[in-house]
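Each remark here refers to the structure printed beneath this line.
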Amino acid sequence: MQTSVTPTHCPYCALQCGMNLTPVPDGDGGSVVEVTERADFPVNRGALCGKGRTAPALLSSRVRLTSPLIRRDGELRPAGWDEALDRIAEGLSRTRTEHGPDACGVFGGGGLTNEKAYTLGKFARVALGTSQIDYNGRFCMSSAAAGGIKAFGLDRGLPFPLEDIPRTGCVVLVGSNLAETMPPALRYLTELKENGGTLIVIDPRRTRTAEQADLHLAPRPGTDLALALGLLHLVVAEGRTDEAYIQERTSGWEEARAAAMAHWPEYVERITGVSVPQLRETVRMFCEPESAMVLTARGPEQQSKGTDTVGAWINLCLATGRAGRPFSGYGCLTGQGNGQGGREHGQKADQLPGYRKLDDPAARRHVAEVWGVDPDSLPGPGRSAYELLDAMGTDIRSLLVMASNPVVSAPRAAHVEERLRSLDFLAVADVVLSETAALADVVLPVTQWAEETGTTTNLEGRVLLRKQAITPPEGIRSDLYVIRELAARLGVEKGFPTDPEEVFEELRRASAGGAADYSGITYRRLAEENGVFWPCPAEEPGGPTGVAAGAGAPAGAGAGAGGVHPGTPRLFLDRFATPDGRARFVAVNHRPPAEEPDEEYPVLLTTGRVVSQYQSGAQTRRVDELNAAAPGPFVELHPRLAERLGVVEGEPLAVVSRRGRAVAPARITTAIRADTVFMPFHWPGEGRANTLTNPALDPVSRMPEFKACAVRVERVAGRGGR
3 MQTSVTPTHC
13 PYCALQCGMN
23 LTPVPDGDGG
33 SVVEVTERAD
43 FPVNRGALCG
53 KGRTAPALLS
63 SRVRLTSPLI
73 RRDGELRPAG
83 WDEALDRIAE
93 GLSRTRTEHG
103 PDACGVFGGG
113 GLTNEKAYTL
123 GKFARVALGT
133 SQIDYNGRFC
143 MSSAAAGGIK
153 AFGLDRGLPF
163 PLEDIPRTGC
173 VVLVGSNLAE
183 TMPPALRYLT
193 ELKENGGTLI
203 VIDPRRTRTA
213 EQADLHLAPR
223 PGTDLALALG
233 LLHLVVAEGR
243 TDEAYIQERT
253 SGWEEARAAA
263 MAHWPEYVER
273 ITGVSVPQLR
283 ETVRMFCEPE
293 SAMVLTARGP
303 EQQSKGTDTV
313 GAWINLCLAT
323 GRAGRPFSGY
333 GCLTGQGNGQ
343 GGREHGQKAD
353 QLPGYRKLDD
363 PAARRHVAEV
373 WGVDPDSLPG
383 PGRSAYELLD
393 AMGTDIRSLL
403 VMASNPVVSA
413 PRAAHVEERL
423 RSLDFLAVAD
433 VVLSETAALA
443 DVVLPVTQWA
453 EETGTTTNLE
463 GRVLLRKQAI
473 TPPEGIRSDL
483 YVIRELAARL
493 GVEKGFPTDP
503 EEVFEELRRA
513 SAGGAADYSG
523 ITYRRLAEEN
533 GVFWPCPAEE
543 PGGPTGVAAG
553 AGAPAGAGAG
563 AGGVHPGTPR
573 LFLDRFATPD
583 GRARFVAVNH
593 RPPAEEPDEE
603 YPVLLTTGRV
613 VSQYQSGAQT
623 RRVDELNAAA
633 PGPFVELHPR
643 LAERLGVVEG
653 EPLAVVSRRG
663 RAVAPARITT
673 AIRADTVFMP
683 FHWPGEGRAN
693 TLTNPALDPV
703 SRMPEFKACA
713 VRVERVAGRG
723 GR
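Counting from 1 along the sequence shown, just add 2 to a position and that's the residue number in the numbering used here.
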């Protein structure tokens with residue numbers, strides 16, 4: 003039995019917690035792995051949530067795919083690898099020949115390693131020649147990314163390491179339930195309070211995280227933009243702006259201030275339901291310490307005005323001098339495991355590796371040279387995630403999906419499921435037979451976290467090496483193998499290696515000089531260090547760093563001893579990544595959600611996660627311990643609403659929107675607003691929350707409005723109801 007311990011990282015959220023995998027006897031003369039503590043990794047310092055602790059359960063052949071599947075006579079049946087790959091190549095080739103390359107779509111995932119995300123983007127643009135590629139990370143932090151680029155010229159989830167959080171004076175946490183979505187990160191908020199700092203949580207629900215707050219604000223879903231504007235109004239009215247900072251380090255203040263002054267406190271109270279005294283107390287708590295942070299998550303971002311909402315919170319930080327200074331700033335709490343790296347390197351519709359823009363001629367030339375192709379051969383930007391899914395069966399005729407389950411995770415999910423069924427051809431590569439894979443013509447079983455080596459980038463911008471600990475079962479292949487074999491069958495024999503380190507070396511060259519510059523990062527460094535923060539350019543010993551020397555460079559990117567770049571844990575300390583080095587205020591105004599309650603749909607629905615399930619649940623719903631803790635969906639509602647409906651605890655409730663109907667048991671609690679119901683989105687079937695959600699898109703980020711839609715709630719006849 004192998005006895006070595008492998009240091010690696012959790013396969014779930016963007017904390018990418020460190021863990022050790024230790025072989026243990028399985029009772030049959032073989033071995034399995036169990037998770038043991040890895041206290042040396044600074045993000046989680048050994049702590050793990052239940053998902054991370056039980057992650058080895060996913061390695062069992064009992065819950066995973068073990069053979070390629072091909073649909074025959076309406077049923078998915080086992081097949082050989084060559085036959086399955088031939089079938090996929092044939093389906094894609096036929097579509098390309100009959101309808102053109104843009105009739106082929108590619109849909110990726112925020113759980114793919116950097117190497118896979120990079121290779122998938124290259125495959126779409128070089129082997130297929132299609133512009134139609136996007137990924138489920140569009141549903142994660144695209145609004146925060148767009149807002150960060152507008153204000154700072156650069157998007158990285160957190161521009162500072164998590165270790166800075168306990169050292170600030172106040173944290174405003176907007177739309178995040180860390181206690182359930184990232185439990186090991188809750189310790190940073192606990193340490194903040196132990197150090198004398200304060201915590202303000204903004205959430206329509208009194209979550210486990212909100213219970214820890216010094217002040218909890220419960221705004222009406224979809225009104226976070228008005229709330230931020232009202233706070234900025236008070237900052238100005240009370241003389242709490244940092245005028246010297248505004249003059250020295252920002253631009254656009256006059257327009258942003260004028261917009262905020264139109265949102266006086268009583269007006270904001272009427273919109274949000276947050277009282278004027280609470281607004282004033284928030285401003286006092288945020289402004290009195292020397293340092294403060296605003297951290298946003300999906301609550302304010304998953305809205306049809308998410309980019310503007312993020313911009314309003316950034317404006318609050320800029321007006322008070324709380325950005326680009328020690329222990330201060332705005333940050334986004336990325337959700338998916340590699341949501342950050344997954345979009346930096348090319349599987350997003352408008353981006354090339356290194357966070358380059360696909361419509362930038364210089365970026366196209368650089369990447370095309372690395373790839374050995376003509377820049378003019380690269381397609382332009384394609385559709386965003388929901389728009390791509392909505393076009394299936396019409397403009398998009400064939401689709402390749404890797405590591406995503408849009409049947410459960412996409413907004414207006416019943417429509418997306420119908421669109422998937424209408425495709426001429428669907429292929430899915432995944433670890434498990436997800437609800438999306440079950441609709442496919444061909445399904446490929448691929449390796450997973452403990453069975454392969456690759457890099458991920460966590461929410462801090464810390465690039466990590468996830469090491470292979472065990473050999474995958476016979477019959478399983480890597481995603482890199484799948485892409486290489488499909489590219490070869492499509493006529494591109496070279497340029498798609500299967501060795502992850504070889505891919506990473508190419509990624510380094512492709513990212514060099516880009517905003518997300520990984521060129522100074524190597525597997526050797528990652529194996530020796532606890533991650534390296536990007537940007538980290540390559541440089542000659544003793545020479546200037548490409549980032550520090552370039553226009554618009556983020557601060558803190560100077561060279562280390564001997565010319566080896568140390569990475570950039572903290573951005574913007576000297577200048578922002580804009581051409582003039584100044585942060586930019588963006589003037590924004592409140593507007594309501596795309597759907598407001600009315601007589602037919604009088605209640606607001608908001609969605610989210612529970613601690614024992616993850617995203618679409620494709621993996622966690624296959625772990626017995628997690629299912630025992632969170633066995634199914636529910637509808638959370640206030641006692642006043644329950645009384646009005648005549649509903650009792652546990653009774654099946656139907657939640658109906660303009661897009662469909664979902665049924666789940668009632669969970670009655672005072673922890674939610676009386677005008678709002680909540681559903682977690684991890685489950686398929688009749689309790690699928692995303693059957694209800696609204697695909698109204700943010701005009702900049704193309705983020706759907708998951709967090710607010712109009713619904714009615716009904717008792718279910720014959721099932722405990724009338």
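Note that beta-carbon positions come from the ideal geometry of N, C-alpha and C, so glycine has one too.
Within a Cβ cutoff of 7 Å, which residues of the same chain sit near residue i, ignoring the five residues on either side of it in sequence?
{"i": "Ser63", "result": "Pro475"}
{"i": "Gln353", "result": "Arg345, Lys359 and Leu360"}
{"i": "Ala553", "result": "At Ala553, the pLDDT of 31 sits below 50, so the modelled position is not reliable; the number obtained from the coordinates is stated separately. Result list for Ala553: Pro581, in chain order."}
{"i": "Ala529", "result": "Leu467"}
{"i": "Gly395", "result": "Arg421, Ser424 and Leu425"}
{"i": "Arg96", "result": "none"}
Short check: CB of residue i to CB of residue j, under 8 Å?
{"i": "Thr200", "j": "Met287", "result": "yes"}
{"i": "Val465", "j": "Ile398", "result": "no"}
{"i": "Pro706", "j": "Thr695", "result": "yes"}
{"i": "Pro697", "j": "Pro413", "result": "yes"}
{"i": "Arg586", "j": "Lys152", "result": "yes"}
{"i": "Ala452", "j": "Leu23", "result": "yes"}
{"i": "Gln338", "j": "Gly112", "result": "yes"}
{"i": "Ala387", "j": "Asp136", "result": "yes"}
{"i": "Arg1", "j": "Pro168", "result": "Examination of residue 1 is not possible in this model, given that the chain is present from 3 through 724 alone."}
{"i": "Leu17", "j": "Val173", "result": "no"}
{"i": "Ala351", "j": "Gly384", "result": "yes"}
{"i": "Ala2", "j": "Leu606", "result": "Because residue 2 is not part of the residues shown, which for the chain are 3 to 724, the question remains open."}
{"i": "Gly348", "j": "Tyr120", "result": "yes"}
{"i": "Leu122", "j": "Pro447", "result": "no"}
{"i": "Leu78", "j": "Val445", "result": "yes"}
{"i": "Asn116", "j": "Leu509", "result": "yes"}
{"i": "Pro667", "j": "Pro686", "result": "no"}
Tell me which residue opens and which closes the beta strand (DSSP E) that residue i is part of.
{"i": "Cys106", "result": "Cys106 to Gly110"}
{"i": "Asp75", "result": "Element bounds for Asp75: n/a, residue is neither H nor E."}
{"i": "Gly48", "result": "Neither: Gly48 is in no beta strand (DSSP E) and is coded neither H nor E."}
{"i": "Glu638", "result": "Val637 to Leu639"}
{"i": "Arg714", "result": "Cys711 to Arg717"}
{"i": "Asn696", "result": "Asn696 to Leu699"}
{"i": "Ile670", "result": "Gly662 to Ile670"}
{"i": "Leu528", "result": "Run containing Leu528: none in the beta strand (DSSP E); it sits in the alpha helix (DSSP H), Tyr525 to Glu530."}
Name the two residues that bound the continuous alpha helix (DSSP H) containing residue i.
{"i": "His101", "result": "Trp83 to His101"}
{"i": "Phe154", "result": "Ser144 to Phe154"}
{"i": "Tyr616", "result": "Run containing Tyr616: none; DSSP gives neither H nor E here."}
{"i": "His368", "result": "Pro363 to Trp373"}
{"i": "Pro27", "result": "Premise fails: Pro27 lies in the beta strand (DSSP E), Gly20 to Pro27, not in any alpha helix (DSSP H)."}
{"i": "Ser513", "result": "Pro502 to Ser513"}
{"i": "Gly232", "result": "Asp226 to Ala239"}
{"i": "Val270", "result": "Pro267 to Thr274"}
{"i": "Ala658", "result": "The question names Ala, but residue 658 is Val in the sequence shown. It is not in any alpha helix (DSSP H) - Val658 instead sits in the beta strand (DSSP E) that spans Pro654 to Ser659."}
{"i": "Val390", "result": "The question names Val, yet the displayed sequence has Leu at residue 390. Element bounds for Leu390: Ala387 to Asp392."}
The ligand GDP and residue i: does any heavy atom of the ligand fall closer than 7 Å to the residue's C-beta?
{"i": "Ala596", "result": "Looking for the ligand GDP in the displayed structure turns up nothing, as the structure carries no ligands at all."}
Apart from the five residues on each side of it in sequence, which residues of its chain come closer than 6 Å, Cβ to Cβ, to residue i?
{"i": "Ala540", "result": "Ser521 and Gly522"}
{"i": "Thr449", "result": "Pro474, Ile478 and Ser480"}
{"i": "Arg491", "result": "Ala91"}
{"i": "Ala620", "result": "Asn407, Val434 and Ser436"}
{"i": "Ala518", "result": "Glu346, Gly356, Tyr357 and Trp536"}
{"i": "Glu454", "result": "Gln470 and Ser480"}
{"i": "Gly131", "result": "Pro103"}
{"i": "Ser659", "result": "Leu694, Cys711 and Val713"}
{"i": "Gly463", "result": "Arg158, Phe535 and Trp536"}
{"i": "Asn179", "result": "Thr209 and Thr211"}
Give me, in chain order, the residues of the same chain whose beta-carbon lies closer than 8 Å to that of residue i; leave out the 5 immediate sequence neighbours on both sides.
{"i": "Gly382", "result": "Ser133, Leu360 and Asp361"}
{"i": "Asp216", "result": "Lys195, Thr200, Leu201, Ile202 and Met287"}
Please look up how many angstroms separate the CB atoms of residue i and residue j, rounded, as I've assumed it's under 8 Å.
{"i": "Val252", "j": "Gly149", "result": "The amino acid at residue 252 is misidentified as Val; the sequence shows Thr. Not quite, the Cβ-Cβ distance comes to about 15 Å (not below 8 Å), so this is no contact."}
{"i": "Asp443", "j": "Gly82", "result": "Not confirmed; about 16 Å, so no contact."}
{"i": "Arg276", "j": "Leu227", "result": "Note that residue 276 is Val in the sequence shown here, rather than Arg. With 8 Å as the limit, Val276 and Leu227 do not qualify as a contact, their Cβ atoms being about 13 Å apart."}
My parser needs the alpha helix (DSSP H) runs of 4 or more residues fully inside the region 407 to 463; what are they?
Counting only runs of 4+ residues, the alpha helix (DSSP H) found wholly inside the region 407 to 463 occupies 408 to 411 and 415 to 423, in chain order.
In chain order, what are the residue ranges of uninterrupted alpha helix (DSSP H) at least 4 long that sit wholly in the region 277 to 346?
Segments of the alpha helix (DSSP H) lying fully in the region 277 to 346: 278 to 289, 300 to 303, 308 to 321 and 341 to 346.
Complete beta strand (DSSP E) runs within the region 113 to 201 (minimum length 3 residues, chain order):
Within the region 113 to 201, the runs of beta strand (DSSP E) that reach at least 3 residues and sit entirely inside it are, in chain order, 135 to 137 and 172 to 176.
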